Each structure stands twice: as C-alpha cells, then as structure tokens.
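Chains as they are written, first to last, in the numbering used here: chain W, 1254 to 1316; chain Z, 119 to 449.
Heads up, the beta-carbon is just placed ideally off N, CA and C, and yes, glycines get one too.
Since the structure is predicted, the reported quantities are computational estimates derived from the model, not experimental observations.
Notes for the one structure printed next.
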Ligand code: FES
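Here's what the structure looks like:
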C-alpha cells in the first residue's frame, strides 16, 4: 500500500489563475517544460499571460 | 559580477534637512540620552520630518556607522519618534478616504486602466535612461531592505494569516537562497545599471516623497496597533507591483539594460501574481475573519500606500517633465 498522501490543493480563482501548491513542472503541448518551485504557483487559465503558462496578472479587468 | 551583501556595509548619517532632522542626527553622534525637541510641528510630508523619522527607524534595521546600537531603545529618542509619528499618521488619516469595505478597496486596485499614467507607463513609453537610473537609485532606499518591515508583523498574526504571510516573506527572502533574495537581486540590478549598491547609499539623494513610502512600512511594522495597516500595505504593494514590474521590465529591455536589471522585475511579475492572491485570500481573509474590527486599519494601509505612491509618482513626473532631476543630488 502506498503511504496515503494529502491531496494537492488547487484553488480556482474566478476570472484568474489556478493556484497550485509548488513545486510544479508544467508540460505544454509543444514539449516545453516550465518549472516553478514557488510555494504556490499561479497557472494562467485565461490564456492572456505574456509569460504563459504562468499568470502575469493580464487576466485583470481593464477600464 | 560580484554580489555584495547589502547588509555588510553601514550607512553614514545623512545631512540634516531642517531642525527636526538636525536634532536627531546631532543626538545620534553623541552617546544616548541627549535632549531632543519636545514639540514637533512641521510639514508631515516634508523633507525635515520624513528624514528625521527615517533616521529614527533605521536604528531598528541596520543602524548607522559610528552610532551606538543602544540608541534603538533610548526612551528620549522613542518619545521624539512618537511625536514625529503622530504628525505623519494624523496627516495620512486625514488624507485617505477611509471606509470599511476591503473588498471594494482591493477590487479598485485590481482594475488596470487601459490608458494608464504614472511612472512605469512613462518609463515604458518614453522614459530616458537617466530617468530610469534615478528611479532605480530612489527605489534602492526600500529594495535593499525589501520585505524587512513586513517581518515585524509576523508575531502579531495567528494561524493561516501568519503561515501565508511567512510563505510570501520566504519567497521575498529568496526561498532559503541568499543569492535569490529580492534585496540581493536589487543590488545586482544597481550594479548592472552602473549604480552603487551600498545600503542606503542614495539616502542623501532621496526626497521626502520616497522616504515617506518606506516610513509608512516601518511605522505600521513597528506598531502592533497598526498590524492591519501593515497587512493592507503589503497586499496593496503586491497587487500593484506585477503590472508595473512588467512595464519597467519592458522599458529596461527597450533601453538595452543589463540582464540583471531586467531580471529583478521579471521575477516580480511572476512572484507578485502569486503573492497578491495569497495576501488577499489567506492573509487578509483569515486576519479579518479572526479580527473583523481590523477592517478599517487594513483599508487605511491600502489607501495610505496608494496616496504616498501617487505623491512620489507626481514628484518624479513633475521633475522629469521639466527635464530636471527628481533627486536632491544629481547622480
Ligand atoms: S490567469 Fe492571470 S494572466 Fe491568465
């Protein structure tokens, strides 16, 4: 039996990123791998980030 | 590139800018227990008061070369500092709109104006290299002690708010790696821009508008009664940094700056996109769930930060528009 682990917490920010407990390795479809060892990693879910797949706050509302 | 630990060297006492700063600086040259002015009346945002306050606060950080460490808890100095603080705090309280809806106040910060004005927009669109260097020299007053004032709030928090704030601080302090500390990245940036990376090296250059932004952090950090304000300040700073860091990174790239200069800001884009979420949800959320009576204090921290940043921005742009240095001494 594998040791039971706490489930990894992912917080979904409405209109914003997914907050994933780090460290993470993000694998993109084109083969790019992006690593982040931050305690929480904000993964862009809006697709607007200029630093995709990481959130750069481009999801914010504009006026 | 050599990385100098900014904490190794100690700053020298600055030149006074009026009677209040002269009193404290003269006193610090002597042994503790000198006499300081009993009354303080001065422009709350002026050069004299802000420098006097900055010098008093620095005793709690790295101190000054040749100044006894005993001054930190000297009762006469603390009395004088309290009088300075009262003038500053009263002015801030009078000048911010206040309110009790933290959600609204933070949402306001989260909306990015399409047609933004301000220092980072100016630097990105039309700023010149000499202006950028002035900006970096000024910001060194804070960034060489980046995240230090916020550490004081840790023992004043509990539970999730505390754990989350410590996690953000851990990130600011390089996640356990001295060479990744944001203050170290900033020191590298200064060297990359051909500037001096000495701790408080640019204190003489920095006008009151810059000192006030750091004094607000020290003020809120050192007073338990202002713990809500410190948390509000920290959240406001993290929320507004990511977009402005992106603009400054762009400006630096356009100016062909050293990669160390760009790196400081690109690190802040990603870090602060995370920090703003953690500050808002985990730190403010949990703090106010425990101590709802701190709401107005958190709102104060957010608004006072905005007010002082705006004053600093206006000061810089006013000077630059006239082709003049925004510093007290040219670089
Ligand atoms: S979710 Fe933040 S930039 Fe896309």
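Beta-carbon contacts of residue 1292 of chain W that lie in its chain and below 6 Å, excluding the five residues immediately before and after: Position 39 of the first chain, counted from the first residue, corresponds to residue 1292 of chain W. These residues qualify, in order along the chain: 1275.
Name the chain Z residues that come within less than 8 Å of residue 1295 of chain W, Cβ to Cβ? Start at 1 with the first residue of the first chain, and residue 1295 of chain W comes out as number 42. By Cβ distance, chain Z contributes 388, 391, 392, 395.
CB contact flag (residue 422 of chain Z, residue 351 of chain Z, <9 Å): Position 304 of the second chain, counted from the start, is the residue given in the question as residue 422 of chain Z. Position 233 of the second chain, counted from the start, is the residue given in the question as residue 351 of chain Z. Yes, the pair counts as a contact, with Cβ atoms nearer than the cut-off.
Need the endpoints of the alpha helix (DSSP H) that residue 1289 of chain W sits in, please. Position 36 of the first chain, counted from the first residue, corresponds to residue 1289 of chain W. Not the alpha helix (DSSP H): residue 1289 of chain W falls in the beta strand (DSSP E), residues 1286–1289.
Pick from Z:323, Z:409, Z:155, Z:360 that is closest to residue 165 of chain Z, judged by C-alpha positions: Position 47 of the second chain, counted from the start, is the residue given in the question as residue 165 of chain Z. Taking only the C-alpha atoms, the option nearest residue 165 of chain Z is Z:323.
Measure from the C-beta of residue 120 of chain Z to each C-beta in chain W and report whether the shortest distance is under 9 Å. The count along the second chain starts at 1 and reaches residue 120 of chain Z at position 2. Unreliable placement is indicated for residue 120 of chain Z, whose pLDDT of 44 sits below 50; the coordinate value is still reported in the next sentence. No, its Cβ sits nowhere closer than 9 Å to a Cβ of chain W.
Excluding the 5 residues preceding and the 5 following residue 217 of chain Z in the sequence, name in chain order all residues of the same chain whose CB lies nearer than 7 Å to its CB. Taking the first residue of the second chain as position 1, residue 217 of chain Z is located at position 99. Cβ neighbours of residue 217 of chain Z beyond the five flanking positions: 223, 417.
Residue 1288 of chain W: contacting residues in chain Z (beta-carbon distance under 7 Å): Translated into the one-based positions of the first chain, residue 1288 of chain W becomes position 35. Chain Z residues near residue 1288 of chain W: none, gap ~12 Å exceeds 7 Å.
Roughly how far, in whole angstroms, is the beta-carbon of residue 1273 of chain W from the beta-carbon of residue 1296 of chain W, given that I think they are within contact range, below 8 Å? Taking the first residue of the first chain as position 1, residue 1273 of chain W is located at position 20. Taking the first residue of the first chain as position 1, residue 1296 of chain W is located at position 43. Contact holds; Cβ gap of about 6 Å.
Just reading off the beta strand (DSSP E) that residue 449 of chain Z is part of, what are its end residues? Your numbering for residue 449 of chain Z matches position 331 in the second chain. Unbroken run through residue 449 of chain Z: none, as it is neither H nor E.
Sequence-distant residues of the same chain with beta carbon closer than 8 Å to residue 251 of chain Z, five excluded per side: As a working note, residue 251 of chain Z is residue 133 in the second chain. Answer for residue 251 of chain Z: 311, 312, 313, 449, listed in chain order.
Check the Cβ of residue 1308 of chain W against every Cβ in chain Z and list those closer than 7 Å, keeping chain order. Counting from 1 along the first chain, the entry for residue 1308 of chain W is found at position 55. Chain Z residues near residue 1308 of chain W: 391.
CA-CA distance, residue 162 of chain Z and residue 299 of chain Z? On the second chain, residue 162 of chain Z is found 44 positions in, with the first residue counted as 1. On the second chain, residue 299 of chain Z is found 181 positions in, with the first residue counted as 1. Their backbone Cα atoms lie some 33 Å apart in a straight line.
Looking only at its chain, what residues have a beta carbon closer than 6 Å to the beta carbon of residue 1263 of chain W, apart from the 5 residues adjacent to it on each side? Start at 1 with the first residue of the first chain, and residue 1263 of chain W comes out as number 10. Cβ neighbours of residue 1263 of chain W beyond the five flanking positions: 1271, 1273.
Top-ranked residue by Cα proximity to residue 364 of chain Z, from Z:143, Z:240, Z:142: For the purposes of this step, residue 364 of chain Z is taken as residue 246 along the second chain, with counting starting at 1. Nearest C-alpha to residue 364 of chain Z: Z:240.
Candidates Z:398, Z:341, Z:212: closest to residue 200 of chain Z by CA position: Counted from its first residue, the second chain places residue 200 of chain Z at position 82. When each option's Cα is compared against that of residue 200 of chain Z, the closest is Z:341.
List the residues of chain W whose Cβ lies closer than 7 Å to the Cβ of residue 275 of chain Z, in chain order. Mapped onto the second chain, residue 275 of chain Z falls at position 157. Within 7 Å Cβ-Cβ: nothing; residue 275 of chain Z doesn't reach chain W, min ~17 Å.
Which full runs of the alpha helix (DSSP H) of 4+ residues lie inside the region 387–411 of chain Z, going along the chain? 403–408
Quick check on residue 1313 of chain W - is its C-beta less than 9 Å from some C-beta in chain Z? The residue labelled residue 1313 of chain W in the question sits at position 60 within the first chain. Taking Cβ atoms only, chain Z reaches closer than 9 Å to residue 1313 of chain W, which makes this a yes.
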